[in-house]
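One structure is given here, and the rest of the page talks about it.
There are 2 protein chains.
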Amino acid sequence: MASETVENYIKAIYVLCRESPSGEAGVVRLAQEVGVTKGTATSMIKRLAKSKLVKAPRYSGVTLTAMGKKIALDVLRRHRIIETFLVSTLNLDWADVHEEAERLEHALSPRTLDRLDEFLGRPSTDPHGDPIPSASGKVLELRGKALSAFARGAKVEIVQIMDQDRAFLKFVAQSGLKPRVRALVQDVSAQGDSITLRVTRGKSVTLSRSAASKILARLQ
Amino acid sequence: MASETVENYIKAIYVLCRESPSGEAGVVRLAQEVGVTKGTATSMIKRLAKSKLVKAPRYSGVTLTAMGKKIALDVLRRHRIIETFLVSTLNLDWADVHEEAERLEHALSPRTLDRLDEFLGRPSTDPHGDPIPSASGKVLELRGKALSAFARGAKVEIVQIMDQDRAFLKFVAQSGLKPRVRALVQDVSAQGDSITLRVTRGKSVTLSRSAASKILARLQ
DNA sequence: CCATAAAGTTTGAGTCGTCAAACTTTAGTT
DNA sequence: AACTAAAGTTTGACGACTCAAACTTTATGG
Chain A
14 MASETVENYI KAIYVLCRES PSGEAGVVRL AQEVGVTKGT ATSMIKRLAK
64 SKLVKAPRYS GVTLTAMGKK IALDVLRRHR IIETFLVSTL NLDWADVHEE
114 AERLEHALSP RTLDRLDEFL GRPSTDPHGD PIPSASGKVL ELRGKALSAF
164 ARGAKVEIVQ IMDQDRAFLK FVAQSGLKPR VRALVQDVSA QGDSITLRVT
214 RGKSVTLSRS AASKILARLQ
Chain B
14 MASETVENYI KAIYVLCRES PSGEAGVVRL AQEVGVTKGT ATSMIKRLAK
64 SKLVKAPRYS GVTLTAMGKK IALDVLRRHR IIETFLVSTL NLDWADVHEE
114 AERLEHALSP RTLDRLDEFL GRPSTDPHGD PIPSASGKVL ELRGKALSAF
164 ARGAKVEIVQ IMDQDRAFLK FVAQSGLKPR VRALVQDVSA QGDSITLRVT
214 RGKSVTLSRS AASKILARLQ
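Chains as they are written, first to last, in the numbering used here: chain A, 14 to 233; chain B, 14 to 233.
What follows is the structure in structure tokens.
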């Protein structure tokens with residue numbers, strides 16, 4: 014059984030690989046994500062490589078092996094089911110839930126996880142719209158395109174918020190943007206560095222390009 | 014904030030002190046409870062003493078200080094609320110729940126704990142009948158007498174099972190004995206080494222003295 | 001009252017995960 | 001091609017927690 018620390022590294026590597034165009038995770042970003050120095054990250058990567066959970070050519074990017082990916086999806090499943098529980102059953106705040114799940118995800122037996130999943134009605138996505146991997150390790154990825162990729166006049170439905178940062182989530186929630194909400198792309202600035210949405214029966218919101226790129230939507 | 018390990022030692026010391034007539038915990042029993050060697054327990058006790066969480070005169074028993082007791086009750090509160098959740102909401106088995114709560118109790122923020130407590134309707138006891146300490150650290154102790162202390166003919170109501178051993182709990186549950194169940198003391202053997210109960214609208218059960226001493230009841 | 005078992009302590013060593021700081025490699029300028 | 005900043009690695013050390021095994025103290029019962 015992978016230790017809590019190992020699980021955290023693996024999960025971070027998974028997320029970073031998903032985010033980066035090269036499909037590899039860098040040591041510096043990884044260290045940052047896990048909250049350690051880069052030296053520490055390097056030595057942990059070595060240990061992970063020794064246990065065949067990652068591939069890490071020297072002075073190059075890190076990727077997960079099949080075994081590593083399996084662990085990552087398992088952790089992610091636990092994480093997202095817990096987040097769903099915290100929001101939909103305990104009514105905790107959308108934005109606060111990530112850190113809490115971060116700790117709980119390592120303390121849940123398979124059996125309890127399954128009971129929880131059952132209790133929640135076997136949800137397919139968490140409150141951020143992130144898909145919940147199945148028990149057998151399958152995930153639906155890319156259920157939408159970045160908001161920044163839509164043109165003026167598009168009628169869209171938000172599907173996913175791809176960031177766990179509290180401040181960002183608070184801002185997004187405040188704007189009324191969350192999964193399943195519908196909106197109209199009212200304007201796209203000339204330089205394409207901002208986008209204005211009109212939320213159905215709500216106010217307008219202007220998002221920077223970087224914000225818009227972290228919110229996924231699809232045509233209604 | 015006390016580490017997970019420290020919390021486990023403190024909780025074990027609390028429980029052992031409650032159990033022992035002298036009100037003190039022995040190193041060997043403590044080591045056994047926590048699952049380490051006695052040498053390890055000794056050195057941890059030293060650390061706990063240095064942080065003023067326990068009093069431990071050399072070559073003598075360990076007791077908690079006020080600070081230590083506060084932590085113990087806090088951990089116990091978390092533990093018992095989680096057990097209640099696992100049994101009453103997720104329908105997990107009474108006997109399986111202890112180990113699970115053991116892990117989860119260290120990963121719950123005060124806020125989430127309170128939401129969970131609220132969700133459960135602020136229960137006063139857990140599924141074993143153990144009282145849940147209040148958020149301010151108060152506990153109702155001794156809500157009943159050992160079954161072994163009742164005389165033939167007594168009509169009793171089970172209030173608490175004072176053991177976390179899986180096998181014992183399975184046996185007790187199988188006999189239909191759990192908190193709030195009513196029974197009649199049908200017979201007490203001459204030597205007082207066994208007791209026979211007739212559970213209301215159920216079958217009769219014979220308990221050894223040691224089993225009966227771990228089940229608390231009160232007169233109906 | 002003293003031998004001895006049980007309880008408790010000490011010591012030396014090991015693992016895990018971490019840091020700071022010195023070092024090496026890579027990759028992007030000019 | 002040479003310089004340099006950024007990325008990655010190595011080293012030595014540390015704290016938390018653990019063990020096994022040797023040791024000391026306490027309690028007990030013959």
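Cβ coordinates follow ideal geometry from the N, Cα and C atoms, glycine included. In this text, all values refer to a predicted model and were calculated from it rather than measured experimentally.
Selected residue, minimal CA-CA separation from A/Gly166, among A/Glu112, A/Val19, A/Gln233, A/Val172: The count along the first sequence starts at 1 and reaches residue 166 of chain A at position 153. Nearest C-alpha to A/Gly166: A/Gln233.
Measuring straight from C-alpha to C-alpha, what distance separates B/Phe163 and B/Phe181? On the second sequence, position 150 is the one that residue 163 of chain B refers to. On the second sequence, position 168 is the one that residue 181 of chain B refers to. Those two C-alpha atoms are separated by around 21 Å.
Between A/Arg156 and A/Glu170, which are expected to be in contact by the criterion C-beta below 8 Å, what is the C-beta distance as a whole number of angstroms? Walking along the first sequence from the start, residue 156 of chain A turns up at place 143. Walking along the first sequence from the start, residue 170 of chain A turns up at place 157. Contact flag wrong, Cβ pair sits at about 10 Å.
Counting only beta-carbon atoms, is B/His111 nearer than 9 Å to chain A? Position 98 of the second sequence, counted from the start, is the residue given in the question as residue 111 of chain B. It does not; no Cβ of chain A falls within 9 Å.
Look at B/Leu103 and B/Gly81 and say whether their C-beta atoms are less than 9 Å apart. For this step, residue 103 of chain B is matched to residue 90 along the second sequence. For this step, residue 81 of chain B is matched to residue 68 along the second sequence. It is not a contact, given that the beta carbons lie outside the stated cut-off.
Which residues in chain A have a C-beta closer than 8 Å to the C-beta of B/Asn21? List them in chain order. Walking along the second sequence from the start, residue 21 of chain B turns up at place 8. Chain A residues near B/Asn21: none, gap ~13 Å exceeds 8 Å.
Any beta-carbon of chain A closer than 9 Å to the one on B/Ser122? Looking up residue 122 of chain B in the second sequence gives position 109. It does; some Cβ of chain A falls within 9 Å.
Using the Cα positions of A/Val201 and A/Ser149, report the straight-line distance between them to the nearest angstrom. Residue mapping note: residue 201 of chain A aligns to position 188 of the first sequence, counting from 1. Residue mapping note: residue 149 of chain A aligns to position 136 of the first sequence, counting from 1. Answer to the nearest angstrom: the Cα atoms are 41 Å apart.
Are the segment 105 to 123 of chain A and the segment 49 to 56 of chain A touching, with three or more C-beta to C-beta distances below 8 Å? no
Thinking B/Ile23 and B/Leu77 are a contact (beta carbons under 8 Å), I'd like their distance in whole angstroms, please. Counting from one through the second sequence, the residue named residue 23 of chain B turns up at place 10. Counting from one through the second sequence, the residue named residue 77 of chain B turns up at place 64. Contact holds; Cβ gap of about 7 Å.
In whole angstroms, give me the CA-to-CA distance for A/Leu210 and A/Gln187. Here residue 210 of chain A is taken as the residue at index 197 of the first sequence, counted from 1. Here residue 187 of chain A is taken as the residue at index 174 of the first sequence, counted from 1. Rounded to the nearest angstrom, the two C-alpha atoms are 14 Å apart.
Integer-rounded CB distance, given that A/Ala203 should sit under 8 Å from A/Leu160: In the first sequence, the residue the question calls residue 160 of chain A occupies position 147. In the first sequence, the residue the question calls residue 203 of chain A occupies position 190. Not quite, the Cβ-Cβ distance comes to about 17 Å (not below 8 Å), so this is no contact.
What is the rounded straight-line gap between the Cα of B/Asp130 and the Cα of B/Val152? Reading the second sequence from its first residue, position 117 is the one you call residue 130 of chain B. Reading the second sequence from its first residue, position 139 is the one you call residue 152 of chain B. Cα to Cα, the separation comes out at about 16 Å.
Pick helix, strand or coil for A/Val47, following the three-state DSSP scheme. As a first step, residue 47 of chain A must be located in the first sequence, where it is residue number 34. Helix at A/Val47.
Compare the C-beta of A/Phe132 with all C-beta atoms of chain B and state if any pair is closer than 9 Å. Within the first sequence, numbered from 1, the residue matching residue 132 of chain A stands at position 119. Output row for A/Phe132: interface = yes.
Would you check if the distance between the CB atom of B/Ile174 and the CB atom of B/Leu133 is smaller than 9 Å? Taking the first residue of the second sequence as 1, we reach residue 174 of chain B at position 161. Taking the first residue of the second sequence as 1, we reach residue 133 of chain B at position 120. Not in contact: B/Ile174 and B/Leu133 (Cβ atoms no closer than 9 Å).
For the segment 40 to 51 of chain A, which residues have a beta carbon sitting closer than 9 Å to at least one beta carbon of chain B? none
If the cut-off is 8 Å on Cβ atoms, which residues from the segment 74 to 90 of chain B count as contacting chain A, listed in chain order? none
Distance cutoff 9 Å, beta carbons only. Does B/Arg193 sit that close to anything in chain A? Residue mapping note: residue 193 of chain B aligns to position 180 of the second sequence, counting from 1. Not closer than 9 Å to any Cβ of chain A, the Cβ of B/Arg193 fails to qualify, so no.
Which whole-angstrom value describes the C-beta separation of A/Gly189 and A/Val212, a residue pair presumed to lie in contact below a C-beta threshold of 8 Å? Reading the first sequence from its first residue, position 176 is the one you call residue 189 of chain A. Reading the first sequence from its first residue, position 199 is the one you call residue 212 of chain A. So it is a contact: roughly 5 Å between Cβ atoms.
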